[in-house]
Each structure stands twice: as C-alpha cells, then as structure tokens.
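Colleague: Take 1 as the starting number for the sequence shown in the UniProt record's numbering and just add one per residue. Below is a structure I'd like to ask you about.
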Amino acid sequence: METLSEGNHAGQAVDDSFLGVESRVPLRISTSDIITAGSGILVEGQIQGNEDIFRVAQTLVTVQSDSHMNDTCDSCLVWTGSALYRETNPTKQLSLSVCSTCKVVRYCSKACQKKAWKRHRKAECKIFGLHRSEGIGHIMRATMRLLHMHLSGQLTENKWSALLNLKSHKDKLKTTDTSFWPDVDRACQNIKIWANTSVEQDVLEDLICIFVINSMSIASPEGTTLGSCLEPFAALMNHSCDPNSAFFFEGPELRVRSIKTIMAGEEITISYTDPTESFDFRQKQLTNYYFICKCKKCEKEALGEWRTEDTEPNRPTKESQDQLRALLQLDPKTTSPEAVEASARRICREGCPGKRWPRDLPPMPSLQISLAQHYRERLNWPKVYSLWLKTCFETDPSIWASQYSLHRVEHFMHYIGVEVHVANLLFGADSSVQELQQLKSTISAVQYPHIKRFAEDARRAYGRDSTMAELARLWERRWDDILNGQGSDPRVLVSYWASNDGKLELKKYELKLLEWAENFGI
Numbered sequence: 001m002e003t004l005s006e007g008n009h010a011g012q013a014v015d016d017s018f019l020g021v022e023s024r025v026p027l028r029i030s031t032s033d034i035i036t037a038g039s040g041i042l043v044e045g046q047i048q049g050n051e052d053i054f055r056v057a058q059t060l061v062t063v064q065s066d067s068h069m070n071d072t073c074d075s076c077l078v079w080t081g082s083a084l085y086r087e088t089n090p091t092k093q094l095s096l097s098v099c100s101t102c103k104v105v106r107y108c109s110k111a112c113q114k115k116a117w118k119r120h121r122k123a124e125c126k127i128f129g130l131h132r133s134e135g136i137g138h139i140m141r142a143t144m145r146l147l148h149m150h151l152s153g154q155l156t157e158n159k160w161s162a163l164l165n166l167k168s169h170k171d172k173l174k175t176t177d178t179s180f181w182p183d184v185d186r187a188c189q190n191i192k193i194w195a196n197t198s199v200e201q202d203v204l205e206d207l208i209c210i211f212v213i214n215s216m217s218i219a220s221p222e223g224t225t226l227g228s229c230l231e232p233f234a235a236l237m238n239h240s241c242d243p244n245s246a247f248f249f250e251g252p253e254l255r256v257r258s259i260k261t262i263m264a265g266e267e268i269t270i271s272y273t274d275p276t277e278s279f280d281f282r283q284k285q286l287t288n289y290y291f292i293c294k295c296k297k298c299e300k301e302a303l304g305e306w307r308t309e310d311t312e313p314n315r316p317t318k319e320s321q322d323q324l325r326a327l328l329q330l331d332p333k334t335t336s337p338e339a340v341e342a343s344a345r346r347i348c349r350e351g352c353p354g355k356r357w358p359r360d361l362p363p364m365p366s367l368q369i370s371l372a373q374h375y376r377e378r379l380n381w382p383k384v385y386s387l388w389l390k391t392c393f394e395t396d397p398s399i400w401a402s403q404y405s406l407h408r409v410e411h412f413m414h415y416i417g418v419e420v421h422v423a424n425l426l427f428g429a430d431s432s433v434q435e436l437q438q439l440k441s442t443i444s445a446v447q448y449p450h451i452k453r454f455a456e457d458a459r460r461a462y463g464r465d466s467t468m469a470e471l472a473r474l475w476e477r478r479w480d481d482i483l484n485g486q487g488s489d490p491r492v493l494v495s496y497w498a499s500n501d502g503k504l505e506l507k508k509y510e511l512k513l514l515e516w517a518e519n520f521g522i
C-alpha cells in the first residue's frame, strides 16, 4: 500500500486534501465518463479481482446511528452486540462507559475516549450534555463535528475546500423533500446558538446536505448498520449497478476492494443501492441521490423487463413484488415470522400461479434473510437452517457470479454459525431440532469442508488481515484441534474434500440438505 502523493494524484495541484488515503496502485482524480457524474477516481495500474484498492484509516467524520448510541463505541465503533467480536477477542471483556459529563456517547476504553476528545469531543461534550433531552440526531452530530474540526484548525483550507466541493443537491432537497427542510433549518439555528458561532446558515445547510448525500453506511462484519461516515476522497467513487468494487469497514477504517479485474485507466465504481434488485426499484432508490442511472446493466434491463412483461404473462407481477417488499417493513415485535411466511406463500401463489417464485427474483433474497433473522430470535432452528441453506446454496450463486462476493461470504458466515449450532443441538438430542434428526449424519459430514471453504472465501473476499479472515482462522483451528483429538489428520481430510471424489460427495450432501429445505418453508 502507498500513500496518495504527487505521482498518483495527477490532474490536481499537490495538496493535503487526501492525506491518509493508502492505495495499492496509483490513483487519479479525473472527469468521469459516467454521464450523470462529475469527477471520479481512476486506477493508474491494473488491479485483479479481490484485491485492496485503497484504505482510509480514519475517515473525516464518523457518527453512530441514533439506535446504536448505547451499544457502540463513539471512537472505534466496536459494537457490544457483535458475536464475531466476542469470538475473535475471547480474552477481552467488552463493556462501554458513558461519558460522565454529557451522558450521551459511550466508549470501550480510555484510549478511545482520549482520541475522541482530541478530535471533536472537547467542543461538543458540554453541548450534548445541555441539550441531550432535545435529541441530537446523527446528522446534527456529524455537522457539529465537521464545523468544530474546521473552526479549531484541524481541517486545512484544502481539506475544507475538498469537503465543500462535494455535491450537496441543496436546491433539490429544498424543493423535493419538504418534510426534511424544516428540520435542516431548525438544526442550523440550534447549532449556531449551541456552538456560539457566527458561521453563516448557508454554510451549515451545505454541510448538512453534503453529509446526507455523500455519507457511507458503516456496518459490522455481521451486516448490522452501526453508523455513517463522510470521507471526501471516497465520496468521489461513482455509482454503477454493475460495480467493479465494494467497500466495508474494519472499525472506523474504510477498505475498498475490487470485485473484478479493473484495467489501468478504468474508474472505480461502487453500488449506491442493492444491485440485485429490479431495475425499477434501483432507479427509485437512486432518486435519493438525484440522478438516473444509465449504466449498461440498466439499459439492458430496462429493455428486457419491457419485453418480459409482454412475452411471459406468468412471470411474477411487479404488484406482487411490491406486496412482498411490504412484508419486509412489518415490525417483528408485532408480526410473527409465521404470519409473514404465510402471507409470502399466498402472494407467491397469486403472483406466480402454477410456477415457483424464482429464488433470485427480488425481494425474495431479502425476505429469506429477514425471515431467518426473525425465526432465530424465536429459536426456531429448523426454519433458520432451511432459509440459510436456500440462501447460500441456491439464491446467492444465481445472483453473485463470484463465490468471493462480500455478500456471499457474509451470508456463508451466518450459515456456518447456524449449521454448527444445529449440529450441537442434534448431538445433544435437543427436541427443538427434531425435524432435522434424519439429517444428523449429513450435517455432521459437511461441517468441516464448509468451514474450510469459508476460510478460503473470507481471505479472498475481505483480505487476510480482515476480521472475517481472523474468524475463519479461529474456526479452522478449533476444528483441527477437534479432529486431532479424535485421532484424525486434518490434512488428510482437506486433501480428500479437495479431490474430485470429495467434491462430488459434498455436492451430494448439499443437494440432500436442499431437498429437505425445499419442503420446509417458502
């Protein structure tokens, strides 16, 4: 990795706007070839698929989601609900201490608290304490932090200019989101009073809109959204519904990796929405960014969907797709997963008469995962297992061409966690998994090759120094120890499952599991 510098920042005057960005190959900011975009980030050297492109150790500003203020560290963003963290840090006791002054933010250590104090907390702590009863949302917290960093001299003029040069779409937000703008006006007035600043309201409005349009969601390795960040350099990555890159976070560190080969001179693209969704749904989501996507995938699907409606009358209707999407919005506290599944079955029958609803047709992939999560909360392990089986061995392969897609690996991690737990329940003769007794030997047989596959997939998709790869190594060692204790040589098993005979046997087992799952849920 190298730091962005004169040699790989061609096309602009050398400044410190993007210090802290480490790139695998030289990068260049230039005019984008994408019709709806302005500037973009181009790679100066070829990058193979599943490689680091660049990292930002500390993005310009990070804030927790309002719903995660009590369980996520304000500095390093460690989440107390992360089972993955507990597994990879077994000797650490994770607990958060609330700031004794403001009683708003929490920290996992003194070191994190000191780091935040130097960066932004010194200015905001008293303000948060005085006004916490009024509610200080994440957009307002981010805006105050950006303002403080500017006024305190932490942002040079170049960094400040790079921030303000990002698209704000302020005029469009004013006219199209009439419910949002009064909140913006009220927030600006409060910030000016609370921070005792004479900064013009126009600047504060710009900061708020820039954050809303350009911020990136920060998710835990498990996929739980914990907060948002704004990083001016990363914000220059443009959208494609068929992107060549994807990003994830290791705590507060942003990592951008290739998901396919990127040729020298090609632009880095990511997806601002779910690229597996339908054309209409993606375009609707992208109106939040005030542009219409005209990538090759969209042009092809726009024509394809129009033809499909005319030539395939039995294809699921958009109305039935929307009805299934509505199920995703139901509150799991008031609607049982059984009720959601029953409604989904009815919608699928009526929307796709005489045919099976395609597993890869939106929103079925999202609905399967949502149901798995809700059934897990109710400890209905057969349902959970069946839904993750269909997701990982049927749905995902038809959606994501690469086995090393971040989404596929994340899903496979969840699947293995469920598989191991189900196996333990089976060998403990737990009555909650009675429906799975017939599959006891099959589930036992596939665990080790599945964990070995996950280990390789995690290293390829996330990188060897990622938390996901660390979890995979931990699971590998645990299983190797079990096998050694039983007198088996893990190397022999690895060799067998990698052979043609082993691959065929594993496929046979997986098909048997899928056959069971098909008769056990939507």
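The C-beta atom is built at its ideal place from N, Cα and C for all residues, glycine as well.
#1: Please state whether DSSP places N50 in a helix, a strand or coil.
#2: What's the C-alpha gap between R106 and L84?
#3: Should D430 be labelled buried (16 or more other beta-carbon atoms within 10 Å of its own) or exposed?
#4: Have a look at L514 and L389 and give me their C-alpha separation to the nearest angstrom.
#5: Do T225 and S217 have their C-beta atoms closer together than 7 Å?
#6: Whole angstroms are fine: how far does the CA of A234 sit from the CA of H450?
#7: If you pair each beta-carbon of the region 500-519 with each one of the region 243-262, do three or more pairs fall below 8 Å?
#8: Evaluate I208 with the Cβ neighbour count: other Cβ atoms within 10 Å of its Cβ, from every protein chain shown; 16 or more gives buried, anything less gives exposed.
#9: So, with DSSP's three-state summary, where would you put A57?
#10: Just to confirm, is the Cβ distance from E410 to R359 under 7 Å?
#11: Tell me, please, which residues DSSP counts as bridged to T72.
#12: Between the alpha carbons of S370 and L286, how many angstroms are there, rounded?
#13: Would you list the one or two residues that DSSP bridges to V87?
#14: For the beta strand (DSSP E) that C348 lies in, which residues bound it at each end?
#15: Using 8 Å as the cut-off, can you tell me whether the region 373-392 makes contact with the region 281-300, which would need three or more C-beta pairs spanning the two stretches below that distance?
#16: Measuring alpha carbon to alpha carbon, tell me which of W516, D242, Q201 and P232 ends up nearest Q437.
#17: DSSP three-state call for C229: helix, strand or coil?
#18: Hey, how far is the Cα of L42 from the Cα of S30?
#19: Using only the alpha-carbon positions, how far apart do N238 and L439 sit?
#20: Return helix, strand or coil for G129, following the three-state DSSP convention.
#21: Contact between the region 128-136 and the region 49-59: three or more CB pairs below 8 Å?
#22: Following the continuous alpha helix (DSSP H) through Y246, name the residue where it begins and the one where it ends.
#23: State the Cα-Cα distance for the pair V184 and T391, rounded to the nearest angstrom.
#24: Of the residues E319, V384 and T334, which one's Cα is nearest the Cα of C352?
#25: Hey, would you say V422 sits closer than 7 Å to W475, going by beta carbons?
#26: Alpha carbon to alpha carbon, how far is F427 from S215? Give it in angstroms, no decimals.
#27: Would you list the one or two residues that DSSP bridges to M216?
#28: Can you give me the C-alpha to C-alpha distance between W306 and S220, rounded to a whole angstrom?
#29: For I35, which of R478, R408, E267 and S488 has the nearest alpha-carbon?
#30: Does the distance from the CB of K115 to the CB of S75 come in under 7 Å?
#31: Select from K452, I522 and K172 the residue whose C-alpha is nearest the C-alpha of S495.
#32: Spatial neighbours of E44 within its chain, please: CB distance less than 7 Å, with the 5 preceding and 5 following residues excluded, ordered by chain position.
#33: Given that a residue counts as buried once 16 or more other Cβ atoms are within 10 Å of its Cβ, and exposed if not, what is L147?
#34: In chain order, which alpha helix (DSSP H) runs of at least 4 residues are fully inside the region 253-336?
Modeller: So, to answer that:
#1: coil
#2: 20 Å
#3: exposed
#4: 7 Å
#5: yes
#6: 35 Å
#7: no
#8: buried
#9: coil
#10: no
#11: W79
#12: 23 Å
#13: Looking at the sequence itself, residue 87 is Glu, so the reference to Val does not match. Answer by DSSP bridge pairing: none, since E87 is not bridged.
#14: Unbroken run through C348 is the alpha helix (DSSP H), P337 to G351; no beta strand (DSSP E).
#15: no
#16: W516
#17: strand
#18: 7 Å
#19: 47 Å
#20: helix
#21: no
#22: Contrary to the premise, residue 246 reads as Ala rather than Tyr in this sequence. Taken as a continuous stretch (DSSP letters only), A246 belongs to no alpha helix (DSSP H), being part of the beta strand (DSSP E) at S245 to E250.
#23: 41 Å
#24: E319
#25: no
#26: 47 Å
#27: C229
#28: Low local confidence applies: a pLDDT of 44 at W306 is under 50, so the model's placement there is unreliable, with the coordinate-based value given in what follows. Rounded to the nearest angstrom, the two C-alpha atoms are 38 Å apart.
#29: E267
#30: yes
#31: K452
#32: N8, V25, P26, L27, R28 and A264
#33: buried
#34: 279-286, 296-311 and 318-328
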